[in-house]
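Residue numbers (the working numbering): 69 to 243.
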């Protein structure tokens, strides 16, 4: 192999692993943004249910315009299923729409699972109980946001540094 080929290969490896580290750190930031958006959704949903006395599906459609992707699409799909409420329980509709909609989300598997399960708690209760369920979930989200904010700077530096270092180590092994 020529020296030029080795240098190009090493540069490509270092660039690729560094880029992967940046992608991982970006995904952490996006996860934090999605958690904040979830908190906003729950706050808006609580207001619609508590003060507007709006049914859940109508409330979902109402707040869909005020939130960002992927949640706005999920909420629109959920509100479009209003005609199915007699045949299909709310919890099942919530689970189906959020399971489909969260495929490309940056939330952790546990956070997705908890969000999907939230619909079962809300669909079978009165407005006051729904508000209590939303309040409890908002506390969980706030805790997750707080934890993420504490560890985010360290983890982003770690991912970026490990990406570069991995590229350098692989390059040394190749040489």
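Beta carbons: idealized from backbone N, C-alpha and C, even for Gly. Since this is a predicted model, take the numbers as computed values, not measurements.
(request) Would you mind reading off the limits of the alpha helix (DSSP H) that contains residue 76? (result) 71-118
(request) Report buried or exposed for residue 196, applying the criterion of at least 16 other Cβ atoms within 10 angstroms of its Cβ. (result) exposed
(request) Note down the Cα distance separating residue 127 from residue 199, rounded to an integer number of angstroms. (result) 13 angstroms
(request) Determine the burial state of residue 205: buried for a count of at least 16 other Cβ atoms within 10 Å of its Cβ, exposed for fewer. (result) buried
(request) Look up residue 128 in the DSSP assignment and say whether it is helix, strand or coil. (result) helix
(message) Can you list, in chain order, the residues of its chain with a C-beta nearer than 8 angstroms to that of residue 193? Leave out the 5 residues immediately preceding and following it.
(response) 201
(request) Can you grab the Cα-Cα spacing for the pair residue 203 / residue 134, in whole Å? (result) 20 angstroms
(message) If you measure between the beta carbons of residue 91 and residue 232, is that distance less than 8 angstroms?
(response) no
(message) Measuring only the C-alpha atoms, how far is residue 250 from residue 94?
(response) Look at the range of the chain in this structure, 69 to 243, and you will see that residue 250 is not part of it.
(message) Quick check: residue 187 and residue 163, are their CB atoms within less than 8 angstroms of each other?
(response) yes
(request) Return the residue from the list 137, 124 and 84 that minimises the CA-CA distance to residue 147. (result) 124
(request) Report back the beta-carbon spacing between residue 100 and residue 216 to the nearest angstrom; my notes put them in contact at under 8 angstroms. (result) 5 angstroms
(request) Check the C-beta distance from residue 166 over to residue 184 and give it rounded, since I have them as a contact under 8 angstroms. (result) 5 angstroms
(request) Ignore the nearest five residues each way along the sequence and tell me which others in residue 230's own chain have a CB closer than 8 angstroms to its CB. (result) 89
(request) Find out if the Cβ-Cβ distance for the pair residue 139, residue 109 is shorter than 8 angstroms. (result) yes
(request) Check residue 172 in the structure and name its three-state DSSP category. (result) coil
(request) Buried or exposed for residue 151, please, with buried defined as at least 16 other CB atoms from any protein chain shown within 10 angstroms of its CB. (result) exposed
(request) Report yes if the CB atom of residue 236 is closer than 8 angstroms to the CB atom of residue 107, and no otherwise. (result) no
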